[in-house]
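Remarks on the structure that follows.
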Amino acid sequence: MQVVELLKMLITLETGYRRLDGEIAKILGWREVAEKLTEDGETKTRYVWLHPENGQPGKVPFYTTNLDAAIQFAEAACPNERCGFSWEDGKASARLGNGPYFQAKNPILALSAAALHRVVTTTARVPE
């Protein structure tokens, strides 16, 4: 999924979901790999996410459905600047540093959009 499409989804969806978390994770350097397992003579495929810094299996944060994860993402994307969001009457806004404002249905999606925009418009990658 392209970044522009992902940003559009973040600001228009009613709620986040795990597929979006995975798409954000890919942009941040996480890799999804397939592992073949044999159980009771049957071969199955299991997908594992590998952490961008150490290549070890890990769990992708819930960027689009957990406020704590979205705040951590925003703070990591903008470590030396102010980050903020507001929420009223079914609409949220978020801004990182002096970047653009992003509006979405809730603060989690707005923060995730602002953080993702910040990451792709700077050379820095966000560690998790």
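With my numbering, the residue at position 58 of the sequence shown is 1140, and numbering never jumps.
Note that the Cβ used here is the ideal one computed from N, Cα and C, for glycine as well.
Just so it is clear, the structure is predicted and the values come from calculations on it, not from any experiment.
(request) Counting only the same chain and skipping the five closest in sequence on each side, list residues whose C-beta sits under 7 angstroms from that of Val1142. (result) On the sequence shown, residue 1142 is found 60 positions in, with the first residue counted as 1. Answer for Val1142: Asp1103, Gly1104, Ala1107, Trp1112, Trp1131, listed in chain order.
(request) Report the residue ranges of all alpha helix (DSSP H) runs contained in full by the region 1096 to 1140; include only those spanning at least 4 residues, in chain order. (result) Listed in chain order, the complete alpha helix (DSSP H) runs (minimum 4 residues) inside the region 1096 to 1140 are 1100 to 1109.
(request) Can you tell me which of Glu1117, His1133, Leu1095, Ser1194 puts its alpha carbon nearest to the alpha carbon of Glu1157? (result) Taking the first residue of the sequence shown as position 1, residue 1157 is located at position 75. Nearest option by C-alpha distance: Ser1194.
(request) Determine the direct distance from the alpha carbon of Ala1176 to that of Ser1168, and round the result to whole angstroms. (result) In the sequence shown, the residue the question calls residue 1168 occupies position 86. In the sequence shown, the residue the question calls residue 1176 occupies position 94. The C-alpha of Ser1168 lies about 7 angstroms from the C-alpha of Ala1176.
(request) Decide if Pro1161 is buried, meaning its Cβ has at least 16 other Cβ atoms within 10 Å, or exposed. (result) Reading the sequence shown from its first residue, position 79 is the one you call residue 1161. Pro1161 comes out exposed.
(request) Answer yes or no: do Leu1092 and Leu1178 have a C-beta to C-beta separation smaller than 8 angstroms? (result) Here residue 1092 refers to the residue found at position 10 of the sequence shown. Here residue 1178 refers to the residue found at position 96 of the sequence shown. Taking 8 angstroms as the Cβ cut-off, Leu1092 and Leu1178 do not qualify as a contacting pair.
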